[in-house]
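Numbering (our numbering), first residue to last: 93 to 834.
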Ligand code: DGJ
């Protein structure tokens, strides 16, 4: 059993394969956190909870009455702390009541243990059936008002994952205003932890940042209306000693695509609290009597063996339980995207010629990016008008699609449904459909405004308009872009008292529209995008199996961006293309093999005009496609290992995919910067069968797994920057002992 309850001790224990979570209802009725970490079986760990009388850390009234001054909400670890009643650390809830008071104190009421995993109304969450997960639902109630909270714990035993979410419910008769409604809190009794986050910027996302937590609060978050390029809703807390392959670490991922906040607080006695949820800035949710508010899911995982194992937990959980099920094992064709080659300036003949040259080299899917619709000749007009630009496409987008299909290729296109240019038919017809504050000139980004996705009529228009295009073109692939952040958030459809709900209603509306469209077109391969990786989060991955990782397609930078991204997200979800050189974003020239090797640690495609290729380059493409197709089961379904430190090691980058059964492996090495008179280097592989014998493709000799993992594989000396070497290994079955095996 993954979830155990001891009624005598009022103790809950949640077990995954390798971790344990424990909590206890105190004698006063508070739900206390006891432990989250390495698996501990058959143990009541509540002996860890201790209190002494501390000045300026008060006690609940009845504890004082019994002389129990050691019991303080300010120092005892909590599962769902609230503001205003004596826990001065970061809270999960700040609720304002009819009398203006801002306080809550949740006490245990009841609980249920159910087979399968809970789902959340209108929100993405891991999916798992009765055989795969269990749910614990705990009901708590504010001591004095009708505010209740249902805490949800989903236990995915095999994946070593525990999910959390909650629903706040107003069972009273007066409205309650939520100023803060976080999804989860994890209290650690220790304070010597490091915090790892993934900050960045447009075209340089998810750079690993590791800092010591310190007394007080460290926070990362977004108030941009999206999860953002600047921070990512995935964080790791870890021991100081933790690294790729050793040490305790805890990951927390928010399954949400809007404003978020992740905070750690080291309190006065050196304990650490982690709180995660919707960013309270700008948030204000009115819960009328009977109203419910669902706080989005957080996926948590613990690894006692460092980050590599932790990443595997997230990769496996997302591949099995988050990505749209029909794409889990579906082979996706190698694509050519038009954007970097032609941007807005194309005619149908150009696209057809580009597609034809790509088809000749083995590309299976042609994607028309931005520029095919409305008056879209630049970024200042056309967004919102989802009908063909007949000047560029005389037979319409459907005519182009037919011709591409006629060439035996699949067809894909770009849309940016959430946006509108002022210079568009849609804006002229419905100026009130976008988010903007009356009387205030809105902040503009890329000349566009954001549609109010919280409004049904907006979503209905988009559903109808985009469905029409997708039916007319019989599209096989769609890239869903989003090229600005939210500002001037104000909805013409909401009363003043509910304007604080607009940003979250936007995200709920976005999810509803995505859900309708992906259900209406279940065979389409959807790729999320927000100016590259500005909305790279688990929320989007619930609807779309891949996300364009970054607008930076320079392979040298991409190696680092994909490295950071891989901590929390599986490689199969990372959109990655080979683009032309010198690179448009950096001006750097990286040889084609290194560009291809890098894109293969992702969804692999091309974004250039193949007509400009030399004969030598043309000759490489069919081989690259064949390699990707052959290796894609390993890449998409295998365990991914970071063999070098992508931040520190500027000499070379290496990564490895190993099949789940340890039989096959694929290792990529990119030598970043050549050195004169270079030292010898070897790389130590991971995840192999230590006793197994492996043959490297192209070599005669056999290597023993433990030799490759512990002693390593010598790398050749290469001249020139960005040279590559690749190893594909197979366990040699039935070849007996190799005397000469390494
Ligand atoms: C931003 C995307 O990330 C690019 O790949 C491209 O689709 C442009 N938008 C088009 O406007």
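In this text, a Cβ means the ideal position worked out from N, Cα and C, and glycines have one as well.
{"Item": "At a cut-off of 7 Å, is residue 640 close to ligand 3 when judged by its beta-carbon and the heavy atoms of the ligand?", "Value": "By its list of ligands, the structure shown excludes ligand 3, since it contains just ligand 1."}
{"Item": "Can you give me the Cβ contacts of residue 436 inside the same chain, cut-off strictly under 6 Å, excluding the 5 residues immediately before and after it?", "Value": "463, 469, 470"}
{"Item": "Report whether the distance from the Cβ of residue 539 to the nearest heavy atom of ligand 1 is below 7 Å.", "Value": "no"}
{"Item": "State the CB to CB distance for the pair residue 216 and residue 795, rounded to an integer number of angstroms; the pair is presumed to be in contact (CB under 8 Å).", "Value": "Actually they do not touch by this definition, with Cβ atoms about 43 Å apart."}
{"Item": "What whole-angstrom Cβ distance do residue 745 and residue 651 have, given they're in contact under 8 Å?", "Value": "5 Å"}
{"Item": "I want to know whether the region 363-376 touches the region 226-234 - three or more CB-CB distances under 8 Å.", "Value": "no"}
{"Item": "For residue 489, does the three-state DSSP call read helix, strand or coil?", "Value": "helix"}
{"Item": "Going by alpha carbons, who is nearest to residue 354 out of 391, 253, 146?", "Value": "391"}
{"Item": "Run through the DSSP bridge pairs and tell me what residue 203 is partnered with.", "Value": "230"}
{"Item": "By a C-beta neighbour count over all protein chains shown, 10 Å radius and 16 as the cutoff for buried, is residue 125 buried or exposed?", "Value": "buried"}
{"Item": "Check whether the region 379-397 and the region 241-261 are in contact - that is, three or more C-beta pairs closer than 8 Å.", "Value": "yes"}
{"Item": "According to the Cβ coordinates, are residue 732 and residue 658 closer than 8 Å?", "Value": "yes"}
{"Item": "Would you mind working out which of 601, 123, 496, 477 sits nearest residue 442, comparing C-alpha positions?", "Value": "496"}
{"Item": "Please report the distance separating the alpha-carbon of residue 600 from that of residue 212.", "Value": "12 Å"}
{"Item": "Span of the alpha helix (DSSP H) holding residue 686?", "Value": "684-692"}
{"Item": "Please confirm if residue 245 has its CB atom under 8 Å from at least one CB of chain E.", "Value": "Among the protein chains of the structure shown there is no chain E, as only one such chain exists."}
{"Item": "Is any non-hydrogen atom of ligand 1 found closer than 7 Å to the C-beta of residue 573, if you look at the structure I gave you?", "Value": "yes"}
{"Item": "In the structure shown, what three-state DSSP assignment does residue 377 receive?", "Value": "strand"}
{"Item": "Suppose you measure from the CA of residue 564 to the CA of residue 621; what does that come to, to the nearest Å?", "Value": "23 Å"}
{"Item": "Leaving out the 5 sequence neighbours to the left and right, which residues in its chain are closer than 7 Å to residue 797 when beta-carbon positions are compared?", "Value": "780, 781, 782, 783, 784, 786"}
{"Item": "List the DSSP bridge partners of residue 262.", "Value": "239"}
{"Item": "Could you spell out where the alpha helix (DSSP H) holding residue 739 opens and where it closes?", "Value": "Looking at the DSSP string, residue 739 is not in any alpha helix (DSSP H), and its letter there is neither H nor E."}
{"Item": "Are the beta-carbon atoms of residue 837 and residue 538 separated by less than 8 Å?", "Value": "The question about residue 837 has no answer here: the residues shown for the chain are numbered 93 through 834."}
{"Item": "Who are the near neighbours of residue 831 in its chain, counting only those whose CB is closer than 6 Å to its CB and skipping five residues on each side?", "Value": "At residue 831, the pLDDT of 43 sits below 50, so the modelled position is not reliable; the number obtained from the coordinates is stated separately. Answer for residue 831: no residue qualifies."}
{"Item": "Here's the rule: buried if 16 or more other CB atoms are within 10 angstroms of the residue's CB, otherwise exposed. What is residue 637?", "Value": "buried"}
{"Item": "Count the other C-beta atoms from every protein chain shown that fall within 10 angstroms of the C-beta of residue 741, then say buried if there are 16 or more, exposed otherwise.", "Value": "exposed"}
{"Item": "Any heavy atom of ligand 1 closer than 7 Å to the Cβ of residue 631?", "Value": "no"}
{"Item": "How is residue 788 classed by DSSP in three states: helix, strand or coil?", "Value": "strand"}
{"Item": "If we ignore side chains and look at the alpha-carbon of each, how far apart do residue 492 and residue 426 end up?", "Value": "19 Å"}
{"Item": "Do residue 267 and residue 195 have their beta-carbon atoms positioned less than 8 Å apart in this structure?", "Value": "no"}
{"Item": "May I ask you to report which of helix, strand or coil DSSP gives residue 295?", "Value": "coil"}
{"Item": "For residue 703, I'd like the list of residues in its chain whose CB is within less than 7 Å of its CB, leaving aside the five on either flank, ordered along the chain.", "Value": "445, 446, 449"}
{"Item": "Considering only DSSP beta bridges, list what residue 465 is partnered with.", "Value": "480"}
{"Item": "With a 10 Å radius around its C-beta and 16 neighbouring C-beta atoms as the bar for buried, classify residue 324 as buried or exposed.", "Value": "buried"}
{"Item": "Could you check which residue in 198, 292, 642 has the C-alpha nearest to that of residue 314?", "Value": "292"}
{"Item": "Which same chain residues end up closer than 7 Å to residue 513 when comparing Cβ atoms and leaving out the 5 residues on each side of it in sequence?", "Value": "472, 473, 474, 475, 476, 519, 539, 540"}
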